[in-house]
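Structure, as structure tokens:
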Amino acid sequence: MMNNIRNQKGFALLLSTIIILGGSLILAGGFLVLASTEIKISQTKLKSLQSYYASEAGLEDAIYRVKNAMQYQSSYNLNVGQNQTTINVNATTASATIESQGSAENRIRKTQTVFDLPTTTVGFSYGSQIGDGGLIMGQNSRVNGSVYSNGSITGASGARITGSAWVAQGTAPSVDQSWETANSDYGVGTVSGSIISTLDSSGDVGEYTSLALGSDGFARISYYDATNQDLKFARCLDENCATKNVTTVDSSGNVGSEYTSIALGSDGFARISYYDGSNNDLKFVRCANADCTTKNITVIDSSGDMGQFSSLALGSDGFARISYYASSGGNLKFVRCTNADCTAKNINTLDSSGDVGKYTSLALGSDGLARISYITESGDDLKFARCTDADCATKNINTVDSSPNIDRNTSIALGSDGFARITYYDDGSDNLKFAQCTNADCTTKNITTLDSTGDVGRYSSLKLASDQFARIVYYDGSNGDLKYIQCANADCTTKNISVPDPDNVGQYTSFVFGSDNFGRISYYDVGNADLKFLRCAQDPCSPSAPQVDVAQSFQPAATNRAVKADLYLKKVGSPANATLRLISDSGGSPGTSVLATGLLNASSVGSSYGWLTVNFSTTPTLNANTTYWLVIDAAPDNSNYLVWGGDSANGYTRGAGKKSNDWSIGNWSNLNADLNFRVYMGGTDNQISTVSVDGSAYAHFMDTVTVGGNAGAFTLNSGTIGGSVSADTISNCTIGGNASYNVKTSCTIGGTQTTPTTPPSDPAVQAMPITQEMIDAWKAQAEAGGTINGDCGDGGVAGCDIPTNGTLTLGPKKINGNLILQNNQTLIVSGTIYVTGYIDIDNGSAIQLDPSYGIKSGLVFSDGTIHLANNGNFSGSGQVGSYLMLMSLASGGGHHGGAIDLHNNASGVIFYAANGLVYLHNNVNATQLTAKAITLDNNATISYDPGLANALFSGGGSSGSFKVKSWKEIE
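Per this note's numbering, residue 180 is the first one in the sequence shown, and the count goes up by one each step.
Right, dumping it as structure tokens:
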């Protein structure tokens, strides 16, 4: 048993030992696992750091390439030790964004940086850009490219620009005089009362007139030419008959006297009855065209002395009806034509009861049958005949007025009641009388004496207005006036009497209404023996009060040239274009001495007030404190006219407003107002002259030019233009394309022509491509590299001396002195160089950009002048798009007064004279010139390099400050 107990104790001890050993082994194994895990974690962290460092290395590599303008791709790979990074670069001329993704055994880290680049982009978009000093081109000089100049371009024989040319506006003129207080409206081209025109003054003309209106509303008038004893015809081409065509219709003897009568057919052409005094016949003409230059003439009645005092109307068939006096027998006769030329007709004697039938007047009733008023010589009575059939074979005749000495000039019209109204002259009392018939045969009537103030009433003409009341024109023999009556009731016992024309005029009147219900009157000017025409502008037809041409005077404060004027205008309807005239004063009114004109384009005027600029065709010099006039010369049109804003208080103390019917005649009257205006004086106009331009050309003035493309100018004189032209004035020119202009003289135009037009504005003044801010920045950039006190180059101070045939790399640097290269020295520019003195390059010396500039450009500039001679050489970095710029800030003082003086060819270099002249000598060729002024000697050439359009200037290969905007790990 004891042995069993011992055995059990031994087993327990063994078991405990085994358990302890097993636990130790487990614990040791746990420590081993933990240690292995820690090693793996450490290895992962290491790879991540390696990946990050590779990413950072990628950023540094890309930054170096971008900063130093080295070649690179937008995405590329880079090995960093055992690791790799992928780099993406997005760089512009102003900034760059770089992302780099490092990789170490699939451990990825990604970083990014964004920074600004220390470069300046300067656009040299033209072969030459010039300031207000302009470009002077010698014989056969040439710009291979385009030119933009803020001053004039003037050339000589063979001067040529192969691109286009723009010349900016000159110094703008300023307002010398103005008045802008507007409280009233003043019409321009308006007439109240009457508008009077002389139609024919070629001898003693205008008796026996007869008037009708065409469908165009314009007058047609037949009349007698007493000088030549001819029948004449006038067709008016406007409502005032200011323009007209006059035709001699019949010259076969003494024809057209003792009254003509006109009517228009449905074809719009005239039919005229008249008396042939040579053959004592009644004649009739049917015009076959508008001006009656072709016509058919028929003798209607030759059975004795026939045809005086004829009156004509057209029936509904379009054929003539004519009443007339048969002197042989003393009878009233009537003819109804049965064809157009009246070669077939029916003639009847209406009244043979004594000597009857003078001064007939004919109207057709609604039944198409004739009503005729006439005078009896034997009884001195006014009689009336109402025909009761077409040929007037049957009729009713009555005496309307048997007062003693009823004589002369009856005129008839029919009211809406179909009853006659008749005006006539009472020779016994020298009065004008009016009969209102109250039945068809005028057996009842109201007779009124209309005017008894002197010897009045001859040559009356009657029409009924839309109110059915009579309007009558007639002659006042006592005063030599044309008079007008506006009846205010049916029998005209109340009326208004006016005198439309008081100038010894008014015989042989003929009267019709226009579509405006205002009268049109033809009549004989007794004093001048002329045919006249009057258009009533209102009812009653009061005397003419013209406000057609309107003027405002002013006195300049200083002697200077006048350039343009602003007028404060609006319009009513659609007025025609007008002319603004600048006129000298004559006795306190506009004279006839026109100093300048300008087109007033009515289409540019709105229905509300606004300022309209009118440029003068020439720029005359006006003297201080001397009176001049702005005159709007307009056409009269009471429906379509301009309105000039003005001041009824007469506040302008250096001028006044006036009005006239016609500025060229005068007769000015006070407007009692000051009109709103501005007069611009002074300034300068730039031009292109004596130059050939292959492309297009634009300037204020062009003279003696050849332009391959289009041209825009205010004035073009003496030129050949291949394309189209837009200008105010063109003269002595040949234009291959279209032309828009206001004034043309001796020009041949291949395309369409448009006039009037709005002249093009001058090209705007263009800022020079380099600003003062850029210059200041470049100065600071140079100074950051240190300062050399003394001259550099040939005989320069220590550290800046270049021996003959020697080379020096310099920059960025400021030189307090001069830069002189005269003996085959070479200056390699590694950064911006700023010279406070002058630069002189001679005898084969050279300036080059360091290759580290890459695709960028660099510059050397001076406060003083730059002089180049004897094969000086210049170049960029060697890469395409890299240029050297030599810039002078001097205003002049060098050779030929220039800031830069070039004696030899220079390619790959930009010359820039910010404040002065660049002078290019004979036969010299340069790449690009930009300056305040440029002179090209004979055969000198500028050959533009298109790569200059966006030249990128750097402070140097590795110089300048880069502003880092961000640097971070992403994702």
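No residue lacks a Cβ here, since even glycine has one placed at the ideal position from N, Cα and C.
Note that the structure is predicted; figures quoted are calculated from it, not measured.
Determine, using beta carbons only, whether residue i and residue j come nearer to each other than 9 Å.
{"i": "residue 833", "j": "residue 697", "result": "no"}
{"i": "residue 421", "j": "residue 379", "result": "no"}
{"i": "residue 427", "j": "residue 455", "result": "no"}
{"i": "residue 561", "j": "residue 550", "result": "no"}
{"i": "residue 262", "j": "residue 283", "result": "yes"}
{"i": "residue 495", "j": "residue 459", "result": "no"}
{"i": "residue 451", "j": "residue 390", "result": "no"}
{"i": "residue 662", "j": "residue 640", "result": "no"}
{"i": "residue 464", "j": "residue 449", "result": "yes"}
{"i": "residue 306", "j": "residue 230", "result": "no"}
For residue i, which residues in the same chain have their Cβ closer than 8 Å to its Cβ, ignoring the five residues on either side in sequence?
{"i": "residue 686", "result": "386, 637, 638, 654, 702, 703, 705"}
{"i": "residue 447", "result": "393, 394, 469"}
{"i": "residue 210", "result": "Summary for residue 210: the model assigns pLDDT 47, below 50, so the residue's position carries little reliability, and this model does not support an answer."}
{"i": "residue 738", "result": "800, 801, 802, 803"}
{"i": "residue 1000", "result": "972, 973, 981, 1006, 1019, 1020, 1021, 1024, 1025, 1026, 1051"}
{"i": "residue 718", "result": "644, 650, 665, 696, 697, 698"}
{"i": "residue 487", "result": "437, 438, 454, 503, 504, 506, 537"}
{"i": "residue 181", "result": "Confidence at residue 181 is low in this model, with a pLDDT of 42, below 50, so the placement of that residue should be treated as unreliable; the coordinate-derived value is given next. Contacts found: none."}
To which residues of the same chain is residue i closer than 6 Å at the C-beta, ignoring the five residues directly before and after it?
{"i": "residue 905", "result": "891, 919, 939"}
{"i": "residue 212", "result": "Residue placement at residue 212 is poorly supported in this model, since its pLDDT is 46, which falls under 50; the coordinates still yield a value, given next. For residue 212, where only same-chain residues beyond five positions count, there are no Cβ hits under 6 Å."}
{"i": "residue 924", "result": "910"}
{"i": "residue 997", "result": "970, 1016, 1017"}
{"i": "residue 508", "result": "none"}
{"i": "residue 942", "result": "345, 347, 877"}
{"i": "residue 871", "result": "339, 885"}
{"i": "residue 829", "result": "853"}
{"i": "residue 1156", "result": "Any property of residue 1156 remains undetermined from this structure, which presents the chain solely from 180 to 1150."}
{"i": "residue 186", "result": "Low confidence applies to residue 186: its pLDDT is 47, below 50, so where it sits in the model is not reliable, and the reading given next is rough at best. Cβ within range, chain order: n/a, list empty."}
{"i": "residue 321", "result": "339, 1120"}
Out of the options, which one is the CA nearest neighbour of residue i?
{"i": "residue 433", "options": "414, 743, 461, 817", "result": "461"}
{"i": "residue 854", "options": "1004, 416, 358", "result": "358"}
{"i": "residue 1065", "options": "377, 1027, 480", "result": "1027"}
{"i": "residue 880", "options": "476, 373, 798", "result": "798"}
{"i": "residue 259", "options": "684, 928, 232, 337", "result": "232"}
{"i": "residue 436", "options": "867, 402, 485", "result": "402"}
{"i": "residue 753", "options": "819, 352, 785", "result": "819"}
{"i": "residue 1044", "options": "812, 1032, 1014", "result": "1014"}
{"i": "residue 761", "options": "784, 791, 808, 782", "result": "808"}
{"i": "residue 700", "options": "320, 452, 400, 933", "result": "400"}
{"i": "residue 869", "options": "896, 1069, 846", "result": "896"}
{"i": "residue 768", "options": "846, 759, 901, 716", "result": "846"}
{"i": "residue 478", "options": "471, 457, 492, 467", "result": "457"}
{"i": "residue 608", "options": "429, 634, 783", "result": "634"}
{"i": "residue 1042", "options": "1063, 1062, 993", "result": "993"}
{"i": "residue 226", "options": "1081, 286, 642", "result": "286"}
{"i": "residue 963", "options": "947, 990, 932", "result": "990"}
Since residue i contacts residue j with CB under 8 Å, what's their CB separation in whole angstroms?
{"i": "residue 1100", "j": "residue 1112", "result": "Their Cβ separation, rounded to whole angstroms, is 15 Å, which puts residue 1100 and residue 1112 out of contact at 8 Å."}
{"i": "residue 309", "j": "residue 1110", "result": "6 Å"}
{"i": "residue 476", "j": "residue 714", "result": "At roughly 31 Å, the Cβ-Cβ gap does not stay under 8 Å, so residue 476 and residue 714 are not in contact."}
{"i": "residue 780", "j": "residue 743", "result": "Contact flag wrong, Cβ pair sits at about 13 Å."}
{"i": "residue 629", "j": "residue 613", "result": "5 Å"}
{"i": "residue 796", "j": "residue 777", "result": "6 Å"}
{"i": "residue 174", "j": "residue 787", "result": "Nothing in the structure corresponds to residue 174, since the chain is present only between 180 and 1150."}
{"i": "residue 356", "j": "residue 858", "result": "5 Å"}
{"i": "residue 679", "j": "residue 721", "result": "7 Å"}
{"i": "residue 784", "j": "residue 750", "result": "5 Å"}
Once you ignore the five residues that flank residue i on each side, which residues in its own chain have a CB closer than 7 Å to its CB?
{"i": "residue 988", "result": "1007, 1009, 1029"}
{"i": "residue 207", "result": "Its pLDDT being 48, under 50, residue 207 is placed unreliably in this model, and the value from its coordinates should be taken loosely. Cβ within range, chain order: n/a, list empty."}
{"i": "residue 312", "result": "330, 1096, 1111, 1112"}
{"i": "residue 593", "result": "542, 544, 550, 599"}
{"i": "residue 417", "result": "397"}
* Can you list the beta strand (DSSP E) stretches of 3 or more residues lying completely in the segment 692 to 720, in chain order? -> 698 to 704, 709 to 715
* Asked: Unbroken beta strand (DSSP E) runs of length 3 or more, entirely within the segment 352 to 436: which are they?
  -> 353 to 358, 363 to 367, 369 to 371, 373 to 379, 384 to 392, 398 to 404, 409 to 415, 423 to 429
* Asked: Fully enclosed by the segment 310 to 334, which beta strand (DSSP E) runs are 3 residues long or longer?
  -> 321 to 323, 326 to 328
* **Start-end ranges of the beta strand (DSSP E) lying completely within the segment 564 to 601, minimum 3 residues** => 574 to 580, 590 to 593
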